[in-house]
Structures are given as C-alpha cells and as structure tokens.
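Everything on this sheet refers to the single structure shown next.
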Amino acid sequence: MRMLHVRLPVVVLMLVLAIGTTRTAPAAPAAGVLRIGIDVDAGTLDPRLANDTTARRVIEQVYDGLLELDAQLRPRPALAESWTQASPTSWVFKLRRNVRFHDGTPLTAADVVFTYTTILDPALRAPLRGLYLPITRVEAVDNETVRFTLSAPYAPLLKYADMAIVSRAAVERLGAEYASRPVGTGAYKFVSWQRNSRIVLEANPDSWRGRPKLNQVIFNIIPDNTTRAAALESGDVDLIHSPLSPQDVARLRGSPRVTITQMTGLGITYLNMNMMDPIVRDVRIRRAIAHLIPQTTIVRQIYREMDRPATSVLLPAWSGVFTDEIVQPGHDIARAKALLAEAGWTDSNRDGVLDKDGQRLALTIRTHSEDPNRIQVVELLISILRSSGIEARAEITEFPALVGALLAGNYQVVLVGWLGLVDPDRGMFNQFHSKGTQNWEKYNNPRIDALLDEGRQKADPTERARIYRDVARVIATDLPYYVLTYQGYIVGVNRRVQGFVPNPSGSFRSLWTTSVP
Amino acid sequence: MAVLFVIILAAAVPVLFTRVNPDELDIMARLSPPSAGHPIGTDHIGRDLLSRLVYGARVSLLVAVASVGGAVAIGVLLGLLAGYYGRWADGTIMRLVDVFLAFPAILLALALVAALGAGITSVIAALVLVFWTQYARVVRAVTLAEKEKAYVEAARAIGAGDVRILARHIFPNVLSPVIILATLGMGTAVVAESALSFLGMGVQPPAPSWGWTLAFGTRYLRDAPHIATFSGLAIMATVLGFNLLGDGIRDLLDPKFRPQ
Amino acid sequence: MSPLPLPRMVRYTTRRLLLLVPVALGAAVITFVLLLLLPGDPAIALLGQEASGPEIARFRNLLGLDRPVPIQLGLYLWRMARGDFGRSITLDAPVLRLILSTLPATLELAIFSITLAVVGGIPLGLLAARRRGTAVDTTTMLLAQLGVSMPVFWLGVLLILLFAVKLNWLPSFGRGAPLVAALVSGNAGLIMDSLRHLILPGFTLAFFNLALLSRLTRWALLEVLEEDYVRTARAKGQRERIVLYRHALRNALLPIVTIVGLQFGNALGGAVVTETIFGWPGMGRLVVQAIGQRDFPVVQGAVLVLALLFSLFNVLVDLTYAFIDPRIRYG
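Protein chains in written order, with the numbering used here: chain A, 1 to 517; chain B, 1001 to 1260; chain C, 2001 to 2331.
So this is what it looks like as structure tokens:
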C-alpha cells in the first residue's frame, strides 16, 4: 500500500516493455505461406459484382475465366481449351474437361451461360455490364461447348472473356451469401474473410493446373501506403504492389530483403478538359495549358519515375498499336503565352491576371482527395498557371463527388485517371465517341466516331493499329484529354519468394507457380 | 503566454518572420532539409516551409477563432434559454444536445465537410456544429443555478424584463467558465482542423494550412522528417499556448488555486 | 421524499433509458439527411470508373434511390425499428454483421487505452499532488501539458517509425488475436500476440487521456486537500496516506469518472485516425470508409449503434455519480 501509486505504473511500464521486447523470432514467413499486403478490403467476392482491385486479386485465385490474358495482354486458354469465331458475330468456346468447383460439382456449359446471362441482366448490379452489351445471347451447345452471339462484330470480346465463371448451383444455394463465400474452380480455395483485416485462401490440390506450390495465401489489408511498405521492409508481409508512395518505393529499392520490379501498367493519369466550358472550349486554351505542363519534371519529382511521361492516348502496353511518334504539345512556356495572347487574353488592367472583354481567365482544376500524388500535381499546376497570369484554383473532393461533377459537366479541368485499359477500345470508345457513355467532356467529332465504330468491328490487328493511331493523332491535336502519365505497376517482393511473375494488369495469376521455401 | 503572443504576431504580421512568398515554389527543391535559403526546409512541392507555417498561422487561427466563436455564440444562447425558461425549452434544447453529442465528433465533422464541400467555410461550420454542445451544457448549468439566486428575484421584483435579467445579471456569471472552455477549445479546434485535413477533407490547397502540411509531412516522414516535425510543433505550440492561457485565466478567476 | 433513493433511482433510470429512443431517432434522421446532402451517391461509388449516365440511373433504381425522399426516410425508419439494418452497398454483406465484426475490435482498443490512461494517469497525478512544488511535480505536469497538446496521429506515426521499423520490436499494423479470447484460453502465445498488436495503437490513443487524467487527478486532489474535514481528520492523527486515499480520492472520483466516460465515448468513434494509421479493423475506420463510398446503410447503422452505445454509457456514468456522491439526487 505504501508506494502503490508509484509502484503500480512502474510495474505496468515494465510489463509493457517486457511484452514489447520478447520476440519469438524475427518475422520469418512460415514455409508455403504467402502473405500479401493490399490497400483496400474487397467489396464483394462475387466476380460478377466485383469492382475493386483487391476483389479482383482474390477472385483470380479462387476462380478461372474462359481464358486469361498474359503479360502481353494476349488471350491464352483457361477454362476454355479452344475457341473459334464461327462468324463475325458468333464465337464458340470449347470447355476443358473434368474441371470441378471447390465444392466438388463439375463445371459445365450451363455455368458459363449462367454467369454471362446474369451479368447482362439489368436487375443484377454488375458494374461491368457495359462491356458485355454487344452480346445478345449465350447458349450451351452441349455440356462442354458455349456459343456467344453478338449484335455486331466486337473486336475486344476476347479481352473481356477472362470474366470468372461462377458455380450456378452454389449461387442458387447461397444466394446473397455467395458474395462472402466464393466457390470457384481456381488454384486456391476460399477459407475465411475477416472484414478489413484479412482474407485467407488455401491450396486446391485438384486444380486443373496441377497442385499449387503454396499452401496458403493470406491477403492482409493495410490501407496506409507507408505502413504497408514498412510491413514489407520488416518482413511482416512478403508481397506488396501498387498503389505505393514514390518515396517508399525509392527506399525499398535499397533494402536487401526486397526485390522491386517495375513495369508499365494499364492505367493513365490525365487532364479531362470540358469542351462545354466557355473558356476551355477554345482549343488554344487547351493547348496553352498543355504547353505549360512540365511533364518530365512532374514524373521525376512527384512520381519519382514510378510512372512514365505520356505521349498520347496510346498505351505502351498495347503492343502493335503504340507508337511514340504521336505526341501531345510539349513543355513550351513561350508558345503557351503566345497562344493565350492569340486567343485574345491580355492583362489589360495590369493586375497580374489575364482578361478578355472584362472577364478574368479563371480556371479551377479538380481532382480527388484519395490520391496524394494527384493533389501535389494540382498544387504544382496551380502555381505554374498563376505565374502565367491565369487565376487558377484547386478543388479537391472525394471521388464520388468528383464523378458526380464530371457527369453533370460541372467542371473545367479535372485530373483523374483510367485503369485496366486492356484494349484500345476500352481506352477510347466510351471516352471519345459522341455516343460514348463516359464522354464527360462532351467531345464531338464525326470523324472520330466513324473511326471508333470501325475499330470495334475490324478484327485485323494491322487495321486496328492504323485506326487507333489515327484517333490518337486527332486527340493529340484537339486535346479533350491531355494524358500526363502512363501509370507504372510496381511489385515489391521478399527475396525468399520464388516464381512470382508480375503482370502489368496487376494480376496475380502466377501465384499458382509461386513458392515460399 | 509568450508562445501564443508569437503565434498571433506571426499571423498578423507575417512579414516580420519571412520575406518569402508562401506560394512560390521550386519543385526541384522539394523535401529539402533546412538550409541557407530555407531556414527550416521546403515542403512536398518545394515551397519554403517557414513561410508556409507562418502564413498558415493565419489560417489555423482563423479556423480556431471562427469555429469557437460560432460555437460559443450558439451554445451560450441556447444554454441561457434552456436554463432560464426551463421546462419545454430546456427539454427540447437538451434533447438536441444529446442527439448531437451522440455522434462521434470526428465522424460528424467529416460528414458535414463532405456534405458542404471541402473548404475553410465548411470546416468552420462543421466544427461549430460539433463544439456548440459543450458550451450549451455549461451555460445551462450555470443559468439554472443563478436564476434561483436572490438578486434575480430582486430584479424581477422591481419589474426588470427577462432579456434584461439575462443580459445584465446572468450572462456575466456565465462568462468565466465559457472563457476557460473557449480558450481550451481553440486548441482543440486547431487539432481538429489538422485531423480533417489528414483524412483529406480540410482547407483547400494551395492555402497554407498546418493540417495539410502535417498530413503530407507524415507521408514523407522518413525522407523529410522536418516537415512533420515543424508543422506538428507549430500545432502543438499553439495548443500549448491556448492551454496555458486557459489555465492562467482559471487561476485568476478561482483563488483556490493560487500556489501557496 | 423517501429516505431510500432506490425507487427514485429506478424511475430516473427508466426515464433516461426511455429518452434514448428520441435521441436515437434524432440521430437517425440527422444522419439520413446528412447522407443525402453528400454529393455523389452509392451508385457512383459502386460503379467507380465504370460510371456512366445510363448505368448510374440503373443502379440508383436498383438501390431504391430514385424514390421520393420522404418514402426513403419512412422505409429506413421502419426497417430500423424492426432491427433490420439492411445490407451494405459496397461491401455486399448484412450491415449488422459488419458492425458486429468491427465493434469488438474498437471496444478492445477503447478499453485497453482507457485502462492504460487510468493506470498511468491517476497514479502520476497522485504523485504530482503529493510532491507538489517539487521537480517531480513540475516535470510531470510539463509532460502532461505536452501530452494534451500533441496531435494524436503525429504520435502514432512516430511510434510506428520508432518501434516497428527502426527497432523492429512490435508489429506495424493490424490486430492480433482477440484479447478476451486469448485471456480465456490461457494460451501465452495468443496473449502475447494480442498484446503486441495492441500496445502501439493503445498507447497512441491513451496518451492524451493519460496526460489529461494526471492533471485532473492532481487538481482534484489539491482541491480536496484544502477541505476542512481533511484537516480535521488529520488532526485526529490518522496516517496521512490513508487520509489522502479515503477522503480525497472519493471526491476526486467525480470529475475523473466524467472524463473517463467522455473519453470512452470519444474512443468509440473518434479513434478513426488511429485506426487508419495502424490498420486496426475497427468501427471508426468502417464508418469513414463508408462515408467516402457513400455506403448509406453502413453509415446509418453504425452511427445509430455508436449513438446508442454512447448514450447508454452516459446514463451509466450519471448513475455512477449518484453512487459516488450521495449528495447528488435525481428527482
């Protein structure tokens, strides 16, 4: 009782220190277990409803699609052994034999039909439904063959045929629970899901690919980029990938425990210019803005070379289509000033801000609050624009609010991005076609419309290359989009992990060959 | 006290402390540690950190004063009404207080800022709506006690109207606890603003806000620790200043605590 | 006016509990209105970059968002009254399940940090009061001042950097085994795992309260030390220490209980930033994410649960007042 009030806290402190310093062993990964660090929790594990990266990563392990895309984005067989194009509007897929779902039931054509039919059903909240609209009918020719009938030739179809196939029986049995208890044909089986904490998978020894080398895959959800990178560094996780903070990547490169692989991905960061805005609709203003942007500096300083400076709306990952000869306006401040003057903007009242007919050249650049790099780019741009006499300000909002503004056309310039652009059609049709569902900037060019329609119909790669290069050329001049960077894709792996092959789409498909000794 | 004085001075007359424009940046020099040209280094896009903090004082103090001021105004008014008129008024107002108090503060603030659109006005409005309840409660308690006292009876006996009684007799007694709470509340407001910015919903850039600077500073904590250190210090020093001020006022008002 | 306060207390408690209903109702309505004011809606959040005019319209229809507001509000209140919290839009699971899966984590962190604060703060305050005016007193109070002035998230990140990365003593993220389950099982390994994950976030949350409690305890104690009856008791020759503890502490309890109650409520929903930094799977983080993704059912359900818990806790605290200080009567 005597010194209780002094002793007690001391005892507690000692206890705390004792706990802190006793460590069984440095965080060594158990053999055969791969621990992955990811940034967000999956929303749903039903592949037809999933729309976030984590869900996709998990789904790739638990499920298979008719085919899958390799590192060059070429389709290769998965659940479909082979496929043929019976006519311009008809595709036939032959399924692999003796494939079973994790609950033991066999995979049949009926499951494929069920998967695609439900996705196309407007009553199901499938976010990717728009990609599959040209499909008018999916039918089972026999137990192992499926035919897709299209409303018109649709060149990108194969790129989207990696959609995971769900078990019709399981969906009907589990109902809404299916989203939390996925049943697929993949190399790994679903074990458990602690929301906002971790998702655990275990090997499927009967997988059609053969027995996976890993026993368990654990997805740990660590939202903070720096904490996740620290977890890789300290050995608490074995694998992390984009999104990563540039400074963490730079530091991880120097860590002896970690290997960093970097490649160009399937995303872009770009400026969306509203063609309906009275100021921005003038192409000289858009070109002037483009000329003012120090692209290389931004990529080097803010993105620390994680991303690449973009040349046009063509992605380097689109091999055969991409060419760096098509370029947007480059960094040229003098030219920018000349264009502004040419457009009639002068500082008539000497207040430092350009004006015309009594109106100030005011520009608001918006972006979303979830990406600190984009916020910094906007801050930098505001500063640069201001020094050129433009009254620039920033507006940073959450992503849903930003999209709301884009939809309503209530913006001037927005810094935002696209992800998962597996095909030029994905990156251009909805964005630039006058009937495109995501043409928020209301770009309207009949020549582009014709080209995009053609690109969708023609299957020949050389033809498509020509078409999309023509589109890119026009876009680089008209500038409804100014593409800032090609997003890089970076993977950090603990050296103990073997056999992991990164894929620019971010896919972890190679996990079935990965091992941790 | 001296600390607070320095900060207020910085807000009012920034030129005394720095001649550099807080918006001027040199992207190549981003995240640099303290050097000749930049006494405490540069921030995440190359602006001089010292000037950002100095001009940021203005923003932080503005948020603090405005939000506390607003909260006090609403809280005092409602508290007086609740305490004085009792019964129906008291019931409704106190239920309102309960409802607002039931919300976790930061979630309420976050939702409010998201709904109003980020920016300094939204932040202030949100903080006002979060903080008013504590003033209302205290004022109500004091009013309840005071209104039974003899001098109030006397005033009423000579025909003084309610408003007069409230204003001249009760209000002055409410002042001292409110002032103490308010000074402490300023510190909380500064921290709240930086918490909101940390979560991405604060004052808009490129306005120099301590919260934004600290938020970005924690992201770059290992490469450029000076950003988080100094901005965190600025916040802490301000809060400390307000706390000390509050303590000092309380000591003044309550003789029991004079050191022996 | 019966001598036994019990029947009155029961009446008081019942009245307070009944009052929870309008409070909950008020909170529910305010949440509903606030959510509607948010720009963008769950349809947009669900569609992400697939958002387009026609798809958003389809989703809004499927989600029931294109119905008139009063009908939406009515349906929502009706369902809530029946205990149906609905289904999360972005997380595709029953809201109640999500809440129940994250609530234990938040409670664990809250209780742990309050315990740390109490166990650390009160003795420190007592020490400072006893050694008033000495170096011990000044240093303790100085540290306490710093403690209440320090932004929570700054402390959290610094701690991670020091203990998890530089020293590699403690894990940098996440929650270990649930503490209660570990204690019950008696498995030392599990208990260690649980505690190791709890320490850093727990301390981060606790620090402010620890500092506050130490200042408060010291203040309360000093005030009481002036009271007449203490002097009288001392005159009777009882040992100084017992005087301190028995009389002084009980009086100091009142403000201390207030603060503990307030801070516990704070920790319930206010630990958001700490939960984010440490990857702690708690309710605060759940709600913030839900707000960002416009997941209305989750926000509504979680806010309601938090509001009820907090109000319930307030009633408990008020009842404890009456218990501690017989002078307080609720009529």
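Backbone N, C-alpha and C define an ideal beta-carbon position, used for all residues, glycine too.
None of the values given here were measured: they were computed from a predicted structure.
Looking only at C:Leu2142, C:Arg2130 and C:Ala2105, the smallest Cα-Cα distance to Ala2181 of chain C is reached by C:Ala2105. Membership of Tyr481 of chain A in the beta strand (DSSP E) is indicated by the continuous run Tyr481 to Asn494. At a cut-off of 9 Å between beta carbons, Val2157 of chain C contacts chain A. Comparing C-alpha distances from Val1072 of chain B to each of B:Ala1207, B:Val1239, B:Ala1082 and B:Ile1179 shows the shortest one belongs to B:Ile1179.
Taking all protein chains in view, the Cβ of Asn439 of chain A is crowded by 16 or more other Cβ atoms within 10 Å, so the residue is classified as buried. In the DSSP annotation of this structure, the continuous segment of the beta strand (DSSP E) that includes Glu81 of chain A starts and ends at Ala80 to Ser87. Any Cβ of chain B closer than 9 Å to the Cβ of Gln2072 of chain C would place that residue at the interface, and such an atom is absent. With a minimum length of 3 residues, the unbroken runs of beta strand (DSSP E) contained wholly in the segment 156 to 213 of chain A fall at 188 to 194 and 198 to 203. Around Trp2078 of chain C, no beta-carbon contact reaches into chain B at under 7 Å, the shortest distance being about 20 Å. For Phe219 of chain A, the secondary structure class from DSSP, reduced to helix, strand or coil, is strand.
With respect to the C-alpha of Asp236 of chain A, the residue from C:Pro2171, C:Leu2062, C:Ile2122 and C:Leu2075 having the closest C-alpha is C:Pro2171.
Take the alpha-carbon of Gly2086 of chain C and the one of Ser167 of chain A: they are about 26 Å apart. Taking a C-beta cut-off of 8 Å against chain A, the contacting residues of the segment 1178 to 1202 of chain B are Gly1200 and Met1201, listed in chain order. Listed along chain B is no residue with a C-beta nearer than 8 Å to that of Ile222 of chain A; the closest approach is about 15 Å. According to the DSSP assignment, Trp91 of chain A belongs to the beta strand (DSSP E) that extends over Ser90 to Leu95. Taking every protein chain shown into account, the CB of Trp1088 of chain B has fewer than 16 other CB atoms within 10 angstroms, so this residue is exposed. Contact annotation: the segment 1199 to 1213 of chain B touches the segment 1040 to 1056 of chain B, with at least three C-beta pairs closer than 8 Å. Scanning chain B for C-beta atoms nearer than 8 Å to the C-beta of Ala394 of chain A yields Gln1204, Pro1205 and Pro1206, reported in chain order. For His1044 of chain B and Met2009 of chain C, the gap between their C-alpha atoms comes out near 59 Å.
Burial check for Lys1147 of chain B: the Cβ neighbour count within 10 Å reaches 16 or more, so the residue is buried. For the pair Pro1104 of chain B and Val2152 of chain C, the CB atoms are not nearer than the 9 Å cut-off. By the criterion of a C-beta distance shorter than 7 Å, Ala1192 of chain B is surrounded in its chain by Ala1109 and Leu1127, once the five residues flanking it on both sides are discounted.
Contact residues of the segment 375 to 409 of chain A toward chain C are Thr397, Glu398, Phe399, Pro400, Ala401, Leu402, Val403, Gly404, Ala405, Leu406 and Leu407 (C-beta to C-beta distance below 9 Å). Among the residues of chain C, those whose CB is under 7 Å from the CB of Gly130 of chain A are Glu2050, Ser2052 and Glu2055, following chain order. Relative to the Cα of Leu511 of chain A, the nearest Cα in the group A:Phe114, A:Ala187 and A:Leu133 belongs to A:Ala187. For Met273 of chain A, the enclosing beta strand (DSSP E) starts and ends at Val258 to Met273. With a cutoff of 9 Å on beta-carbon distance, Leu340 of chain A and Arg284 of chain A are scored as near each other. Contact of Thr2090 of chain C with chain A is assigned, a C-beta pair being separated by under 9 Å. For Ile1120 of chain B, not one C-beta of chain A is nearer than 9 Å to its own C-beta.
From the beta-carbon of Thr2102 of chain C, the residues of chain A found nearer than 8 Å are Arg195 and Asn196. Each of A:Ser234, A:Ile365 and A:Asn349 was checked against the Cα of Leu2167 of chain C, and the nearest Cα belongs to A:Ser234.
At a cut-off of 9 Å between beta-carbon atoms, Gly1117 of chain B makes contact with chain A.
For Gly1211 of chain B, the enclosing alpha helix (DSSP H) stretches over residues Trp1210 to Arg1219. Rounded to whole angstroms, the separation of the alpha carbons of Ala80 of chain A and Arg466 of chain A is 31 Å.
Contact of Arg76 of chain A with chain C is not assigned, every C-beta pair being separated by 9 Å or more.
Residues of chain B with a Cβ closer than 8 Å to the Cβ of Pro372 of chain A are, in chain order, Phe1216 and Arg1219.
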